[in-house]
Ligand code: V47
Ligand code: SF4
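Residue numbers (the numbering used here): -12 to 350.
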């Protein structure tokens, strides 16, 4: 491999021989301006695992409520009960959002004191009853912790009941960045690293799968991003339960934290470094909602192998004025993937039943 930055040469040897990269290697990657060199390294790993295939899912996000008892400083989605714009969806509203083409439903919302755990559980039960073949990805570790505290029980018991109701995977949200420094400033009342990792460890032990995210491009340092990745890698070494990693560039909205989102250079570098360091994660997602369709397709050449899905109704990032559409049609995702030079492969929420899309249809 060719590099304009000589510091990347030894990394080329490591990547070609399949040697695990170290924290120091991660530092060297972030410090380098050789974006194409970094991309070449990540693309090598990506193609070794997934060749020219890129997966996506016909899915829908459902945010049952935006009322939240926390007030994370970076969040533009949540409001207080009774405030303008506060909403709570009834079961009928939720079920009316289902359609026969869906293969995954992603449920996540605020921490609403007006509901018991039973109400949250019932949403899963009803969705599962109405659409038994659909993979239900529901409730972040932050929500699981909230339910456990309110029910005065363990996270394991909450997870057991959610699994019984039909959940197969936990979404990766709520991890933000595993830094006590950042937590104290941006989300002091939210669970921190240890509890987040513990809940995912428990979920994996019970046979549930989960995802992991990193929220970047706010006040975190490169060192904190790297530490986050290393902690995830270490848990994945222990359990193997993570399906995918999703780097989420912060959308500033009205937060006043930063005046613009991370640059395209930073987005591509972050996805590439994630692919390179997280050698035990099968999938790296480029989340088109956050990075935009154009950069999402470029990111497929920088280590990403999945684009999430149709989503239909995204509220969290759009509350922060994300400039992407709220959803994409299946055809538009297929085109995005093809135009990037990859073969689109439709999947379910657990990356099973993969079907290569040929012509306009699956084959
Ligand atoms: O935890 C909140 C982040 C997450 C903003 O598991 C923001 O497949 C950017 O986790 N700008 C929720 N990010 C979304 C999430 C997710 C998304 C897609 C797929 C999966 C998956 C998970 O969104 C939150 C938080 O880290 N977030 N506000 C914002 N203004
Ligand atoms: Fe609530 Fe999540 Fe927003 Fe924090 S980020 S205020 S926990 S909805």
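Beta carbons are placed, not taken as given, at the ideal position from N, Cα and C, and that holds for glycine.
Check                                                                                                      : Outcome
beta-carbon residue 64 near the ligand SF4 non-hydrogen atom, thresh 7 Å                                   : yes
The ligand V47 heavy atom lying under 7 Å from the CB of residue 238                                       : yes
Residue 167 versus residue 225: straight-line alpha-carbon distance, rounded                               : 23 Å
Three-way DSSP call (helix, strand, coil) for residue 6 in this model                                      : coil
Collapsed DSSP secondary structure at residue 350 in the structure displayed                               : Only weak support exists for where residue 350 lies, its pLDDT of 48 falling under 50; the value from the coordinates is given anyway. Three-state result, residue 350: coil.
Collapsed DSSP secondary structure at residue 295 in the structure displayed                               : strand
Range of the contiguous beta strand (DSSP E) that encloses residue 46                                      : 46 to 49
Distance CB(residue 339)-CB(residue 44) smaller than 8 Å                                                   : no
Heavy atom of the ligand V47 within 7 Å of residue 61 beta-carbon                                          : yes
Cβ-Cβ separation, residue 169 to residue 207 (assumed contact under 8 Å), whole Å                          : 5 Å
Beta-carbon proximity of residue -5 to residue 8, cut-off 8 Å                                              : no
Reduced DSSP secondary structure (H/G/I, E/B, other) of residue 138                                        : helix
Beta carbon of residue 155 nearer than 8 Å to that of residue 122                                          : yes
Residue 289 - DSSP class collapsed to helix/strand/coil                                                    : coil
Continuous beta strand (DSSP E) assignments of at least 3 residues falling wholly in the region 159 to 222 : 196 to 203
Straight-line Cα distance separating residue 293 from residue 52                                           : 28 Å
Selected residue, minimal CA-CA separation from residue 261, among 286, 282 and 242                        : 286
Three-state class that DSSP yields for residue -10 in the structure shown                                  : coil
Rounded Cβ spacing between residue 189 and residue 117 (contact assumed at less than 8 Å)                  : Residue 189 to residue 117, Cβ: 28 Å. No contact.
Beta strand (DSSP E) runs wholly inside the region 16 to 78, at least 3 long, in chain order               : 40 to 44 and 46 to 49
Residue 350 versus residue 332: straight-line alpha-carbon distance, rounded                               : Low local confidence applies: a pLDDT of 48 at residue 350 is under 50, so the model's placement there is unreliable, with the coordinate-based value given in what follows. Rounded to the nearest angstrom, the two C-alpha atoms are 10 Å apart.
Cβ-heavy atom distance, residue 1 to the ligand SF4, below 7 Å                                             : no
Per-residue DSSP class, three states only, for residue 264                                                 : helix
Sufficient close CB pairs (3 or more, under 8 Å) joining the region 60 to 67 to the region 18 to 38        : no
Check: residue 124 C-beta below 7 Å from any heavy atom of the ligand V47                                  : yes
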